[in-house]
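Chemist:
Number of protein chains: 2
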Amino acid sequence: MNDSWLNKVNWAQDGLVPAVTQDSASGRVLTVAWMNREALKLTAATGEAHYWSRSRKKLWHKGEESGHVQKVKSIRLDCDQDVVLLEVEQVGGIACHTGRESCFFNRYEPDTTGETAGGEWVAIDPVLKDPKEIYRK
Amino acid sequence: MNDSWLNKVNWAQDGLVPAVTQDSASGRVLTVAWMNREALKLTAATGEAHYWSRSRKKLWHKGEESGHVQKVKSIRLDCDQDVVLLEVEQVGGIACHTGRESCFFNRYEPDTTGETAGGEWVAIDPVLKDPKEIYRK
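First to last, the protein sequences are chains A and B. Quick note on the working numbering: the first sequence kicks off at 1 and runs consecutively. Quick note on the working numbering: the second sequence kicks off at 1001 and runs consecutively.
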């Protein structure tokens, strides 16, 4: 197999690169996860996003439990060849394990007192589906 | 200063988190860089994106040389509190040091022979301005 394109990725010492995943319709950034060589190869071969789970130390076919797979529309690589960007169709419209569309549901809100760089994170996006419903077997 | 919101970020052992930066108008992902606590604090305080340059080992006010600063519209944090997402207005319309709009100008093109997971990266986005013009003093 001609997989020389995989060698052009600047894998870090731990063999991983960050992978940003964006909804191709809405443009929302859904998730940032990690890929090793095998995850990127499987993503290209199957047309569905695969990542490396750093916590579980195993390959992770996104949606394998929830059914919320990510159908890949394009795979891009940045100028330093060390970050991957996927454009996907997010099946079910839910990418986050909390039941939200995107993992980036916390927004920084500055202090209303105008104190410089004071503020807080506020969860501003709705939970679309109870995680208990998503992950029950 | 009430900077307890900075403590809620799960800074990695090296004190950094990835920061994805997206154009608020086009939705394009422009850059992925790294932030330490000081970079995030300065980003919030000044309204312009600041990062930590891992190669130069110093704080980096994006656009300090090129003038292509990023005016921050929102700052978000993901469910694991270990990735930051900025929505910005990209001054000059160029985020990449190669003179392109986005750093993600390489797209994976599968082999036309249909070989599984064979293919190549192709630079598909135009250079909008010669880097020599951008960075001359």
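Yeah, the Cβ is synthetic: ideal placement off N, Cα and C, and Gly gets one too.
Any residues in the region 123–135 of chain A with a beta carbon nearer than 7 Å to a beta carbon of chain B? Which ones, in chain order?
Modeler: So nothing in the stretch comes that close.
Chemist: I'd like to know if G1047 of chain B contacts chain A, where contact means its C-beta is closer than 7 Å to some C-beta of that chain.
Modeler: No, its Cβ sits nowhere closer than 7 Å to a Cβ of chain A.
Chemist: Have a look at L85 of chain A and P18 of chain A and give me their C-alpha separation to the nearest angstrom.
Modeler: Spanning the two alpha carbons is a distance of roughly 9 Å.
Chemist: List the residues that DSSP assigns as beta-bridge partners of A39 of chain A.
Modeler: DSSP lists no partner for A39 of chain A.
Chemist: In angstroms, rounded to a whole number, what distance separates the CA positions of S1102 of chain B and N1007 of chain B?
Modeler: Approximately 30 Å between the Cα atoms of the pair.
Chemist: Pairs of beta-carbons, one from the region 60–80 of chain A and one from the region 39–49 of chain A, closer than 8 Å: are there three or more?
Modeler: Yes: at least three Cβ pairs fall under 8 Å.
Chemist: Just to confirm, are T1112 of chain B and A45 of chain A a CB contact at a threshold of 7 Å?
Modeler: Not a contact, by the Cβ cut-off of 7 Å.
Chemist: Only counting the same chain, and skipping five residues up and downstream in sequence, which positions put a Cβ closer than 6 Å to that of N1010 of chain B?
Modeler: Within the same chain, N1010 of chain B has close Cβ partners Q1081, D1082.
Chemist: Answer yes if the region 1054–1071 of chain B comes into contact with the region 1094–1110 of chain B, meaning at least three C-beta pairs across the two stretches below 8 Å, and no otherwise.
Modeler: With the cut-off at 8 Å, the region 1094–1110 of chain B and the region 1054–1071 of chain B touch.
Chemist: Identify, in the order they occur along the chain, each residue of the same chain with its Cβ nearer than 7 Å to the Cβ of D1138 of chain B, setting aside the five sequence neighbours on each side.
Modeler: Residue 1138 of chain B cannot be examined here, being either before or after the span of chain B that is shown, 1001 to 1137.
Chemist: Alpha carbons only, please: which of A:G63, A:V32, A:V122 is nearest the one belonging to I134 of chain A?
Modeler: If we check each option's Cα against that of I134 of chain A, A:G63 comes out closest.
Chemist: By a C-beta neighbour count over all protein chains shown, 10 Å radius and 16 as the cutoff for buried, is E87 of chain A buried or exposed?
Modeler: The residue is buried, with at least 16 neighbouring Cβ atoms inside 10 Å.
Chemist: How many angstroms separate the CA atom of K1058 of chain B from the CA atom of Q1090 of chain B?
Modeler: Computed Cα separation, rounded: 22 Å.
Chemist: In chain order, which beta strand (DSSP E) runs of at least 3 residues are fully inside the region 55–89 of chain A?
Modeler: 58–61, 70–77, all fully within the region 55–89 of chain A.
Chemist: Is it buried or exposed for G119 of chain A, if we count other Cβ within 10 angstroms and need 16 for buried?
Modeler: So G119 of chain A counts as buried.
Chemist: Below 9 Å on C-beta distance, what does H1097 of chain B contact in chain A?
Modeler: Chain A residues near H1097 of chain B: C79.
Chemist: Near L1016 of chain B, which residues of its chain fall below 7 Å by C-beta distance, leaving aside the five closest residues on each side in sequence?
Modeler: If we look at L1016 of chain B and ignore the five residues flanking it on each side, its Cβ neighbours are W1034, M1035, N1036, W1052.
Chemist: Do you know offhand how far D1125 of chain B's Cα is from E1109 of chain B's?
Modeler: Straight-line Cα distance between these residues: approximately 14 Å.
Chemist: Is DSSP giving V1127 of chain B helix, strand or coil here?
Modeler: In the structure shown, V1127 of chain B sits in coil (DSSP, three-state: anything other than H, G, I, E or B).
Chemist: Closest to W1005 of chain B by C-alpha separation, out of A:H61, A:S4, A:V122, would be which residue?
Modeler: Answer by Cα proximity: A:V122.
Chemist: Can you pull the chain B neighbours of K8 of chain A, defined as C-beta to C-beta under 8 Å?
Modeler: Per Cβ cutoff of 8 Å: W1121.
Chemist: Using a threshold of 7 Å, state whether the C-beta atoms of V1029 of chain B and F1104 of chain B are closer than that.
Modeler: Yes. Within cutoff.
Chemist: Could you tell me if D1014 of chain B is buried or exposed, where buried requires 16 or more neighbouring beta carbons within 10 angstroms of its beta carbon?
Modeler: D1014 of chain B is exposed by the Cβ-count criterion.
Chemist: In or out: N1106 of chain B buried (at least 16 other Cβ within 10 Å) or exposed?
Modeler: Burial call: buried.
Chemist: Give me the Cβ distance between G27 of chain A and G1027 of chain B, rounded to the nearest whole Å; I'm assuming they're in contact under 8 Å.
Modeler: Yes, they are in contact, since the Cβ atoms of G27 of chain A and G1027 of chain B sit about 3 Å apart, within 8 Å.
Chemist: Does DSSP put E101 of chain A in a helix, a strand or coil?
Modeler: Coil.
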